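A.B. asks: For the sequence shown, the working numbering begins at 17 and goes up steadily by one. Even glycine gets a Cβ: it sits at the ideal position worked out from N, Cα and C. None of the values given here were measured: they were computed from a predicted structure.
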Amino acid sequence: MTAQVPEQQRVAIVGGGWAGLATAIELCRAGYKVTVFESSPQLGGRARSIQWNKRTLDNGQHLMLGAYQTMLSLFDTLDSAPDIDINIAQLFKQIPHHLLVLDARNGSTVFDLQLPTFPAPLHLLFGILKTRQLSLPDKYRLLIRFNRLLNTPIKTDLSVSDWLSSANLPESYRRNILEPVCLAALTTHPHQASAKAFQSVLQQTFNAPASYTDLLIPRTDLSSLFPALAEKFILHHGGEIKTRSKLSHLQTRNGKVESICIDDKTYSFDQFVLATPPAVSARLLSNIEEASAICKQINRLKFEPISTLYLQFDKAVKLPACMTGMANGVIEWIFERSVDGHADILAAVFSAGGKYLKLAPEQLTKQVIKELSCCIAGLPELIDNKLIIDKRAAFQCHPGVDQNRPGILTPIKNLKLCGDYVYIEENNQPGLPSTLEGALRSGVKCAQTIISN
């Protein structure tokens, strides 16, 4: 990306999560003078590291795929700095897609889909043909109907449940594969989720190179994976990082932001970016008349929780697949943590509201161990656990949600928005759901908007 940068063009980015850092990286690369303000002691937002039992883990389990092309492109950008050396194979363990779902009641295999390293769409064709849980006629019907489901435009949005029912897919595939994948991808229950949004996610994954379905398992904690490298890049390009710096209000005049007040100090810049969580952005904009419509949009968004239960055992524990789905129980997905050096830890993930929220932490842990014992022979002894609940982890991705998502531009000339909740228009496709890729793509687009304007 190249641009003629006006002299002394300085940009304040409020929020040091992945979206804000992506904006900062792209602007630094284009020659802008960037300052990132982050209210917490560390960068990374929701996707950062925490300390537990003298271990460095993540503030919740995150999933990354080969389809995360914006993320991979940003790593290429970071690698261009002379003091940063990035090897993707050293950052991630890349695993061909293996979708294994076990019955939490008895450990039997409900569905096992392993995609070979063939070019798309042959990888999906051979993967489904090898599946033992479907009869040959069901495999044929699934291939025909899934292809139709994937590529037939949805004229009027509807719920994922209604959309899948209309496709007449094999019941076991719909209930045990597509509906759980929908919940994981959109953080929204299928009966509430947008079929257009889910179809778009499936298209970007399966109507693409075979590597897009690969799992990318980080070999390190999330803070070391991206925020630490981003900080190094920003500082190398003359930018500044100010943590423990909370924005209290924006001062506007004549339709522009004149200054921002952070910890009783006033700062002036040429351009401003709000890369804060949506509720914080709405609060900061609430006293600005020109931004009233944006505030109304944001306040109409609904949010869903994501919870991660870390389980530490007295010795290493191995799953049948590094990411394993569970049916007919409380666990939705269970992850190994051996790739980043924690072979004795598993992470159980629960998306959106559900029966797990009605259980006390000790009850939830007891039920999870009961289900794991049915699926893992000789499960080691549990010695500790930690439950992390992010109550507003993702916006609810229901039909029509994009109408409530603000864009990057605001009526305030020198103020932009970015974050996974911000809508980005791309080829008339629905916006991405709340994912790290969505946050990064928003940040990059925000920077491109500033540069092009």
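In angstroms with no decimal places, state the Cα-to-Cα distance between N303 and A309.
C.D. replies: Taking the Cα positions, N303 is about 12 Å away from A309.
A.B. asks: What's the call for I399, buried or exposed, on a 16-neighbour Cβ count within 10 Å?
C.D. replies: exposed
A.B. asks: Thinking L479 and F127 are a contact (beta carbons under 8 Å), I'd like their distance in whole angstroms, please.
C.D. replies: No answer is possible for residue 479: the residues shown for the chain start at 17 and end at 469.
A.B. asks: Whole alpha helix (DSSP H) runs in the stretch 290–367 with 4 or more residues, listed along the chain?
C.D. replies: 294–301 and 308–316
A.B. asks: Do you know offhand how far L152's Cα is from Q130's?
C.D. replies: Approximately 17 Å, taken between the alpha carbons.
A.B. asks: Enumerate in chain order the residues of its own chain whose CB-to-CB distance from I405 is below 7 Å, with the five nearest sequence positions on each side excluded.
C.D. replies: Cβ within range, chain order: P321 and S323.
A.B. asks: Establish whether the CB of L218 and some CB of chain B are separated by less than 7 Å.
C.D. replies: Reference to chain B is not applicable here, since this structure consists of a single protein chain.
A.B. asks: Can you tell me where the beta strand (DSSP E) holding E467 begins and where it ends?
C.D. replies: Correcting the residue type first, residue 467 is Ile in the shown sequence and not Glu. First-last for I467: L452 to S468, but that is the alpha helix (DSSP H), not the beta strand (DSSP E).
A.B. asks: Between L266 and L300, what straight-line distance do the alpha-carbon atoms span, to the nearest angstrom?
C.D. replies: 7 Å
A.B. asks: Can you give me the Cβ contacts of I11 inside the same chain, cut-off strictly under 7 Å, excluding the 5 residues immediately before and after it?
C.D. replies: Here the chain covers residues 17 to 469 and nothing more, so residue 11 does not appear.
A.B. asks: Cα separation between M17 and D356?
C.D. replies: Caution applies to M17, whose pLDDT of 45 falls short of 50 and renders its modelled position unreliable; the value that the coordinates give is listed next. The straight-line gap separating the alpha-carbon atoms of M17 and D356 is approximately 33 Å.
A.B. asks: Alpha carbon to alpha carbon, how far is L180 from Q77?
C.D. replies: Spanning the two alpha carbons is a distance of roughly 28 Å.
A.B. asks: What would DSSP say about Q67, mapped onto helix, strand or coil?
C.D. replies: strand
A.B. asks: Can you give me the Cβ contacts of M339 inside the same chain, cut-off strictly under 7 Å, excluding the 5 residues immediately before and after it?
C.D. replies: L231, W349 and F351
A.B. asks: Please classify Q110 as buried or exposed, where buried requires at least 16 neighbouring CB atoms within 10 angstroms.
C.D. replies: exposed
A.B. asks: Could you check what DSSP says for K429 in three-state terms: helix, strand or coil?
C.D. replies: coil
A.B. asks: Below 8 Å CB to CB, which residues in the same chain sit around D360 once its five sequence neighbours on both sides are set aside?
C.D. replies: Q328, F329, D330, K331, A332, V333 and P396
A.B. asks: Alpha carbon to alpha carbon, how far is F134 from S227?
C.D. replies: 9 Å
A.B. asks: Using DSSP bridges, identify the partner residues of P470.
C.D. replies: One cannot answer for residue 470 here, as it falls past the ends of the chain, which runs 17 to 469.
A.B. asks: Helix, strand or coil: which one does DSSP assign to L115?
C.D. replies: strand
A.B. asks: Keeping to the same chain, check which residues put their C-beta closer than 8 Å to that of T147; ignore five residues upstream and five downstream.
C.D. replies: Excluding residues within five positions, the ones whose Cβ falls inside 8 Å are F127, D128, L129 and K155.
A.B. asks: Alpha carbon to alpha carbon, how far is P293 from F104? Give it in angstroms, no decimals.
C.D. replies: Reading the sequence as shown, one finds Ile at residue 104 and not Phe. So the two alpha carbons sit approximately 29 Å from each other.
A.B. asks: State the beta-bridge partners of N401 as determined by DSSP.
C.D. replies: Bridge partners of N401: L327.
A.B. asks: Cutting at 6 Å between CB atoms, please list the residues of its own chain near K212, excluding the five before and the five after it.
C.D. replies: I170, D173 and P446
A.B. asks: Near T93, what residues of its chain come up, given a Cβ to Cβ distance below 8 Å and the 5 sequence neighbours on each side ignored?
C.D. replies: I41, E42, R45 and F249
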